[in-house]
Amino acid sequence: MIDEFALIERIRRRIARRDAALEVGPGDDAAAVRLGGGRRLLLTTDALVAGVHFDPARESARDVGWRAVAANVSDVAAMGGRPRWLLLSLSLPEDTAAEWVEELADGFAAAADAAGAVVAGGNLTRARDLALHVTLVGETESAPLRRCGARPGDRLFLSGPVGAAAAGRRGAAAGVRGAHELDRLRLRYLHPPFRLDAAAVLARVASAAIDVSDGLLQDLGHLADASGVGVRLRLAAVPLAFGHPRGDPALALELALGGGEDYELLAAVPVAGVALADRLCAEAGVGLYEIGEAAGDLPPGTLVGIEADGAARPLERRGFRHFDGRER
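Numbering-wise (the numbering used here), the sequence shown opens with residue 15 and increments by one.
This is how it looks when you write it as structure tokens:
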């Protein structure tokens, strides 16, 4: 089986080149290019493939279009930027209905409008499998947030509850009961929020950030690896998107830790900046949830869960991997 992250590193070593204007290259949520005067362009790209990232039989084309935008907006938000221009490339089987493509375009455009971005162009090609390839160009007027800036003692924050996307995908199989609750979680999966207000706050106070797309533990591990720190995660502090109706909090926590596709922001904030973060959040009406801290007394990349009673246990990185044979 292909090791996704090892393969990414092998590719990165072969393609990385030095460029005076390229401030951040491969390996972060987005690339950053200096423009002068403190401005940077942020560039990110992502793919949604039928049968891997979405099921055309269960998800409307409009919803697929929205999620395609959301996945890329989240990358730019994690770098502390705002989205500006989108490109959409479609790979379509010959029997794809024109009406499906039109509905996709409507959802894509609606999400772009909601995020404050403009669709600037794209491409269309015939293919065996249905897929969307999206490129987003964002902008920031300050140094971009990166995964590698967390230091021991920094507090870790989430921009919102996690686990809703996984619960919305799985529905009754995840123990969700009641039409209203299922609809709420399904909508959260299909139309992830744009955490741009939180990104603006974090751009002023955070030392490092990443978006939560592959699962909280998976992405927390990426931040820990890049920053060379360990992590203590207070499990009872992780904000859960739903309470398990059968009284099984362990399953709700499992979906929160490993479900993925929440597109929340995970950030490290130095202790000296926490009070400012609180004030900025209050002024902007933004919520941040403190969930743990970066640790210098743990081996780099180590994740340790702290139970409500203070007991510590090692945490295995869980989340989505493209080559483990599972669909999302």
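The beta-carbon is built from N, C-alpha and C at its ideal position, and this holds for glycine as well.
- Boundaries of the alpha helix (DSSP H) harbouring Leu-216: 210–219, taken from the DSSP string.
- A contact is defined here as three or more CB-CB pairs under 8 angstroms, and the stretch 143–155 fails this definition with respect to the stretch 196–210.
- Residues of the same chain with a CB within less than 6 angstroms of the CB of Ala-178, apart from the 5 flanking positions on each side, are Leu-199, Arg-202, Ala-255 in chain order.
- Contact between the stretch 301–320 and the stretch 240–250 is present: 3 or more CB-CB pairs across the two stretches fall below 8 angstroms.
- Contact between Arg-209 and Ala-91 holds: their C-beta atoms lie close to 5 angstroms from each other, under 8 angstroms.
- Within the DSSP bridge table, the entry for His-147 names Ala-61, Ser-103 as partners.
- Listed in chain order, the non-local C-beta contacts of Ile-29 below 8 angstroms within the same chain comprise Pro-40, local neighbours out to five positions each way being set aside.
- Residue pairing from DSSP places Thr-139 in a beta bridge opposite Ser-105.
- Its chain contains Val-283, Gly-287, Leu-290, Ala-291 as the residues whose beta carbon lies nearer than 6 angstroms to that of Val-219, once the 5 sequence neighbours on both sides are disregarded; these appear in chain order.
- In this structure Arg-72 is exposed. Its beta-carbon is surrounded by fewer than 16 other beta-carbon atoms within 10 angstroms.
- With respect to Ser-173, Ala-212 sits close: the two C-beta atoms are nearer than 7 angstroms.
- Setting aside the 5 residues that flank it on each side, Gly-235 is surrounded in the same chain by Gly-315, Leu-317, Arg-331, each with a C-beta closer than 7 angstroms to its C-beta; the list follows chain order.
- Between Asp-60 and Ser-105 a beta carbon distance of about 14 angstroms is seen, past the 8 angstroms cut, so the two are scored as non-contacting.
- Looking at the DSSP output, Glu-153 sits in a beta bridge with Leu-55, Arg-96.
- Going by DSSP, Glu-116 is part of the alpha helix (DSSP H) stretching over 112–129.
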